[in-house]
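Down below is the structure, laid out as structure tokens.
Protein chains: 2
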Amino acid sequence: MLNNENLISDIINNVRRLFQIVNEQSKKAEKETGITGPQLWAIKVIGDAISIKISDLAKRMYLHPATVVGILDRLESQRLVLRERSTKDRRVVNVRLTDQGDNLLKNAPEVAQGLLVEGLEAFSAEKLKMIDDGLESLVEILGAQKIPPYLIRSNEININRKRSELDNNVS
Amino acid sequence: MLNNENLISDIINNVRRLFQIVNEQSKKAEKETGITGPQLWAIKVIGDAISIKISDLAKRMYLHPATVVGILDRLESQRLVLRERSTKDRRVVNVRLTDQGDNLLKNAPEVAQGLLVEGLEAFSAEKLKMIDDGLESLVEILGAQKIPPYLIRSNEININRKRSELDNNVS
DNA sequence: TCCATATTGTTTGTATACAAATAGTTTGCA
DNA sequence: TGCAAACTATTTGTATACAAACAATATGGA
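If you read the sequences in order, they're chains A and B. Okay, so the first sequence: first residue is 4 according to the working numbering, each after it adds one. Okay, so the second sequence: first residue is 4 according to the working numbering, each after it adds one.
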């Protein structure tokens with residue numbers, strides 16, 4: 004029983020460390036490239052897609068469109084990206100890298116996600132399966148709470164949440 | 004090989020889901036209590052300690068003191084906490100809950116950390132060990148990068164980083 | 001065709017989050 | 001004792017991050 008308690012607090016601590024380290028990685032990339040973590044992340048997604056519209060960029064970054072607009076404003080003022088309004092659908096704005104943006108992308112370091120992939124490639128399938136199962140358990144514990152109990156109790160709350168829930172649940 | 008690739012992308016996805024769900028939990032607590040996630044977290048830490056000075060609060064929350072000052076400003080304007088300058092060391096400001104803050108704390112929901120503990124308690128020691136080992140591996144992969152290679156290359160960078168490194172590495 | 005509705009990006013307002021600079025205070029050492 | 005150095009909380013400035021409201025545009029149905 005006491006042993007279990009220790010294991011649980013170890014797990015909690017490791018989750019917290021994971022969060023901290025990912026944040027630190029982002030800050031490190033910032034020192035090396037001169038742009039912030041989220042800005043670099045946007046550059047990477049835009050570079051992958053060559054050209055991408057704002058709403059799709061927001062979805063791929065798991066961010067709110069309003070947040071992406073701010074990030075793009077700053078990247079544009081640094082001449083790293085270009086906005087181009089679509090002629091087919093004039094509501095749409097496409098974003099792509101400038102030559103400067105492309106250069107920065109070429110010399111940019113990996114973000115946490117890249118490091119993780121690199122490190123995991125050294126592991127056996129069995130070990131990978133074990134890691135994945137463990138994470139799956141954590142997600143299930145927290146994810147089970149995602150079915151909100153007030154779905155039954157109140158409709159108002161759900162109506163108010165509709166827009167943001169949709170924004171968050173883009174797969 | 005292909006199987007390994009799938010496992011790796013599953014792991015990455017689960018890490019990302021973990022981040023998202025923790026953030027969502029924070030927002031849920033916000034709807035229920037009327038105060039934001041970080042504010043509730045501060046209330047919980049302050050309540051645990053009865054009285055705590057700003058710098059210790061910042062350490063326990065793994066946040067920069069400047070951030071905590073802002074959070075406390077807002078909690079104070081809602082009459083949920085009190086600031087009291089120490090008479091022993093007049094540089095120190097102690098914070099404690101008001102009766103209102105105490106009431107809110109009593110009725111506040113668990114944050115993600117609490118849910119995680121609750122869910123994990125249902126697991127066997129073997130399963131807990133497995134989860135912990137998996138997380139440990141992820142932390143090691145990312146943590147290995149924490150020894151910065153430019154420690155040798157450049158001293159200037161390290162001098163500039165000294166202050167922030169210390170702030171980040173509070174254990 | 002015409003208009004209600006939906007989509008898309010932006011603006012506005014608020015809340016984190018941190019680095020750097022600052023003011024007030026304490027401590028250590030010469 | 002007296003002063004340099006360290007500590008503590010705050011202020012200032014910048015960058016996320018999102019909800020809500022908005023303007024411009026597109027689409028579908030009557």
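For each residue, glycine too, the CB sits at the ideal point set by N, CA and C. All figures in this text were calculated on a predicted structure; none of them were measured in a lab.
Task: Within 9 Å of chain B by C-beta, residues of the region 130-142 of chain A in sequence order - done: K130, L131, K132, M133, I134, D135, D136, G137, L138, E139, S140, L141, V142
Task: Interface residues of chain B facing G73 of chain A [CB-CB closer than 8 Å] - done: Those within 8 Å of G73 of chain A in chain B number zero; the least Cβ separation is about 18 Å.
- [ ] Please list the partners that E79 of chain A has in chain B, where partner means a Cβ-to-Cβ separation under 7 Å.
- [x] In chain B, no part has a C-beta under 7 Å from the C-beta of E79 of chain A; the shortest such distance is about 27 Å.
Open item on the list: Residues of chain B with CB closer than 9 Å to the CB of A61 of chain A, please, in chain order.
Closed with: In chain order: nothing, as chain B lies at least about 14 Å away.
Open item on the list: Quick test of the definition: if touching needs 3 or more C-beta pairs under 8 Å, does the region 21-35 of chain B touch the region 138-147 of chain A?
Closed with: yes
Task: Straight-line gap, G50 of chain B to R63 of chain A (C-alpha atoms, nearest Å) - done: 39 Å
TODO: Return helix, strand or coil for R99 of chain B, following the three-state DSSP convention.
DONE: strand
TODO: Let me know the alpha helix (DSSP H) ranges lying completely inside the region 104-128 of chain B, each 4 residues or longer, listed in chain order.
DONE: 115-123
Open item on the list: Does the CB of D13 of chain B have a neighbour CB from chain A at under 8 Å?
Closed with: Closer than 8 Å: yes.
Open item on the list: Cutting at 8 Å between CB atoms, please list the residues of its own chain near R99 of chain A, excluding the five before and the five after it.
Closed with: I49, I53, S54, I55, V84, L85, E87
TODO: Rounded to whole angstroms, what's the CA-CA distance from G105 of chain B to V120 of chain B? Just pull it up for me.
DONE: Here the sequence assigns Asp to residue 105 of chain B, which means Gly is not the residue at that position. Rounded to the nearest angstrom, the two C-alpha atoms are 23 Å apart.
- [ ] Report the option in B:V96, B:V114, B:A45, B:A32 whose CA atom is closest to the CA atom of Y65 of chain B.
- [x] For Y65 of chain B, the nearest C-alpha among the options comes from B:A45.
- [ ] Could you pull the start and end residues of the beta strand (DSSP E) that R88 of chain A belongs to?
- [x] Element bounds for R88 of chain A: 84-88.
Open item on the list: Is there a Cβ of chain B sitting closer than 8 Å to that of L66 of chain A, yes or no?
Closed with: no
Task: S54 of chain A - containing alpha helix (DSSP H), residue span - done: Careful: S54 of chain A lies outside any alpha helix (DSSP H) and carries neither H nor E.
- [ ] Could you confirm whether any beta carbon from chain B is found closer than 8 Å to the beta carbon of V48 of chain A?
- [x] no
Task: Which listed residue (A:G40, A:E129, A:E139) has its alpha carbon closest to that of E8 of chain B - done: A:E129
Task: Where Q28 of chain B sits in the DSSP three-state scheme - done: Secondary structure at Q28 of chain B: helix, using DSSP grouped into helix, strand and coil.
Open item on the list: Only counting the same chain, and skipping five residues up and downstream in sequence, which positions put a Cβ closer than 7 Å to that of E33 of chain A?
Closed with: T39, G40
Task: Cβ-Cβ distance between T101 of chain B and R82 of chain B below 8 Å - done: yes
Task: T70 of chain A in three-state terms, based on DSSP - done: Helix, per DSSP.
Open item on the list: To be precise: take each residue of the region 103-120 of chain A, compare its Cβ to all Cβ atoms of chain B, and keep it if any distance is under 8 Å. Which residues remain?
Closed with: Of all residues in the region 103-120 of chain A, A115, Q116, L118, L119, V120 have a Cβ within less than 8 Å of some Cβ in chain B.
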